[in-house]
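Okay, structure first, notes after.
2 protein chains.
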Amino acid sequence: MTTDHKAETVIIEREFAHPPEKLWRALTQPHLIEDWLMKNDFAPVAGHKFNLRGEWGGVLDCEVLAVEPHTTLSYTWNHVHENPAYDLRSVVTFTLTPTSGGTHLRMEQTGFRPDQTQASGGARFGWQAFFDKLETVLLR
Amino acid sequence: MTTDHKAETVIIEREFAHPPEKLWRALTQPHLIEDWLMKNDFAPVAGHKFNLRGEWGGVLDCEVLAVEPHTTLSYTWNHVHENPAYDLRSVVTFTLTPTSGGTHLRMEQTGFRPDQTQASGGARFGWQAFFDKLETVLLR
Numbered sequence: 001m002t003t004d005h006k007a008e009t010v011i012i013e014r015e016f017a018h019p020p021e022k023l024w025r026a027l028t029q030p031h032l033i034e035d036w037l038m039k040n041d042f043a044p045v046a047g048h049k050f051n052l053r054g055e056w057g058g059v060l061d062c063e064v065l066a067v068e069p070h071t072t073l074s075y076t077w078n079h080v081h082e083n084p085a086y087d088l089r090s091v092v093t094f095t096l097t098p099t100s101g102g103t104h105l106r107m108e109q110t111g112f113r114p115d116q117t118q119a120s121g122g123a124r125f126g127w128q129a130f131f132d133k134l135e136t137v138l139l140r
Numbered sequence: 141m142t143t144d145h146k147a148e149t150v151i152i153e154r155e156f157a158h159p160p161e162k163l164w165r166a167l168t169q170p171h172l173i174e175d176w177l178m179k180n181d182f183a184p185v186a187g188h189k190f191n192l193r194g195e196w197g198g199v200l201d202c203e204v205l206a207v208e209p210h211t212t213l214s215y216t217w218n219h220v221h222e223n224p225a226y227d228l229r230s231v232v233t234f235t236l237t238p239t240s241g242g243t244h245l246r247m248e249q250t251g252f253r254p255d256q257t258q259a260s261g262g263a264r265f266g267w268q269a270f271f272d273k274l275e276t277v278l279l280r
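Structure follows, in structure tokens:
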């Protein structure tokens with residue numbers, strides 16, 4: 001991994017006061033994913049293809065890459081667009097680590113090209129907002 | 141216009157306690173549009189093509205259709221997708237009417253196919269949220 005490559009990765013980490021099992025449910029059950037992320041037809045099965053759909057008509061094309069219950073979840077996060085600046089081919093990986101107070105959640109999104117600074121900047125902002133909503137969902 | 145066609149249109153109306161000139165600025169100045177809607181390279185010129193970009197990578201393809209300062213703004217709101225259920229070709233029209241207390245804003249989004257009930261339902265929800273943010277932006 002080169003320094004250039006690292007610059008194209010967005011990493012968001014947060015400590016949640018809930019056990020990994022509870023976070024895992026929020027990351028893998030479609031109706032819960034919808035509550036903090038987007039509408040979806042997700043299934044926790046490697047190779048499963050699904051879409052994430054924004055309220056306003058945008059759609060991401062995704063495929064599950066890795067599923068290790070309560071530990072790791074990884075899927076592609078792609079958006080095909082004729083304008084290269086907006087054409088996004090990325091991979092999102094969630095890593096859950098149990099802590100004394102709950103769970104440390106790490107989200108890594110890789111695949112931004114060096115010229116896609118707006119996309120990676122938007123992702124940084126977006127994931128913070130998604131994590132805020134996730135916290136609210138977990139409190140219910 | 142048939143009843144079927146009406147069923148494919150989302151209309152959101154709200155009264156704002158600000159004059160039409162102020163609302164018009166929020167609808168047409170890129171840095172203000174970004175604050176309540178999405179990142180963009182909008183310009184209030186018929187024929188201008190631009191993109192609206194969600195934080196998470198989704199991108200809409202748009203083209204300005206009509207500009208009547210302080211009164212009417214219309215643009216396409218398209219999202220090309222290979223899955224017909226997610227392929228969206230719509231037109232958004234804002235109509236501003238002065239009232240005694242400010243401005244009546246009407247947003248009409250047309251073009252949803254009858255089978256795109258998820259897209260039109262999402263738009264209904266999404267525009268309410270966008271209008272909520274617009275209210276906050278106008279208070280600054």
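The listed protein sequences correspond, in order, to chains X and S. Heads up: the first sequence begins at 1 in this note's numbering, then just goes up one per residue. Heads up: the second sequence begins at 141 in this note's numbering, then just goes up one per residue. C-beta atoms are modelled at their ideal positions from N, C-alpha and C, and glycine is treated no differently.
Using 8 angstroms as the threshold, is the C-beta distance between residue i and residue j below it?
i: X:Val-91; j: X:Gly-121; result: no
i: S:Ile-152; j: S:Phe-271; result: yes
i: S:His-219; j: X:Gly-102; result: no
i: S:Leu-205; j: S:Leu-192; result: no
i: X:Leu-134; j: X:Trp-24; result: no
i: S:Leu-130; j: S:Val-277; result: Any question about residue 130 of chain S goes unanswered here, given that chain S covers just 141 to 280.
i: X:Leu-139; j: X:Ala-119; result: no
Out of the options, which has the shortest C-alpha to C-alpha gap to residue i?
i: X:Phe-42; options: X:Cys-62, X:Trp-24, X:Asp-35, X:Thr-97; result: X:Cys-62
i: S:Val-150; options: S:Pro-159, S:Arg-253, S:Leu-279; result: S:Arg-253
i: X:Phe-16; options: X:Thr-97, X:Leu-32, X:Ala-123, X:Trp-127; result: X:Thr-97
i: S:Leu-245; options: S:Val-207, S:Asp-227, S:Leu-213; result: S:Leu-213
i: X:Ala-85; options: X:Thr-117, X:Ala-46, X:Leu-32, X:Ala-26; result: X:Thr-117
i: X:Thr-71; options: X:Thr-99, X:Leu-88, X:Glu-55, X:Gln-128; result: X:Thr-99
i: X:Trp-127; options: S:Val-207, S:Ala-186, S:Gly-194; result: S:Gly-194
i: X:Pro-30; options: X:Asn-40, X:Glu-68, X:Glu-21; result: X:Asn-40
i: S:Trp-196; options: X:Leu-138, X:Arg-140, X:Phe-125; result: X:Phe-125
i: X:Val-45; options: X:Glu-34, X:Ala-119, X:Lys-22, X:Pro-69; result: X:Pro-69
i: X:His-48; options: X:Met-38, X:Glu-34, X:Thr-76; result: X:Thr-76
i: X:Ala-129; options: X:Met-38, X:His-81, X:Glu-8, X:His-18; result: X:Met-38
i: S:Glu-174; options: S:Asp-255, S:Asn-223, S:Phe-190; result: S:Phe-190
i: S:Arg-154; options: S:Glu-222, S:Asp-255, S:Met-247; result: S:Met-247
i: X:Asn-83; options: X:Asp-115, X:Ala-123, X:Gln-109; result: X:Asp-115
Give the secondary structure of residue i by DSSP, where H, G and I count as helix, E and B as strand, and everything else as coil.
i: X:Glu-135; result: helix
i: X:Thr-99; result: coil
i: S:Gln-249; result: strand
i: X:Thr-117; result: helix
i: S:Arg-280; result: coil
i: S:His-145; result: At S:His-145 the pLDDT is 45, less than 50, meaning the model places this residue with poor confidence and gives no usable figure here.
If you measure from the beta carbon of residue i to each beta carbon in chain S, is any gap under 8 angstroms?
i: X:Gly-54; result: yes
i: X:Glu-135; result: no
i: X:Phe-125; result: yes
i: X:His-31; result: no
i: X:Trp-24; result: no
i: X:Ala-119; result: yes
Any C-beta of chain X sitting closer than 8 angstroms to the C-beta of residue i?
i: S:Val-199; result: yes
i: S:Tyr-226; result: yes
i: S:Phe-156; result: no
i: S:Lys-189; result: no
i: S:Gly-241; result: no
i: S:Lys-179; result: yes
i: S:Gly-262; result: yes
i: S:Ala-186; result: no
i: S:Trp-176; result: no
i: S:His-210; result: no
i: S:His-244; result: no
i: S:Ala-269; result: yes
Exercise. List in chain order: all unbroken beta strand (DSSP E) runs of 3+ residues lying wholly within the region 153-211 of chain S.
Key: 189-193, 199-208
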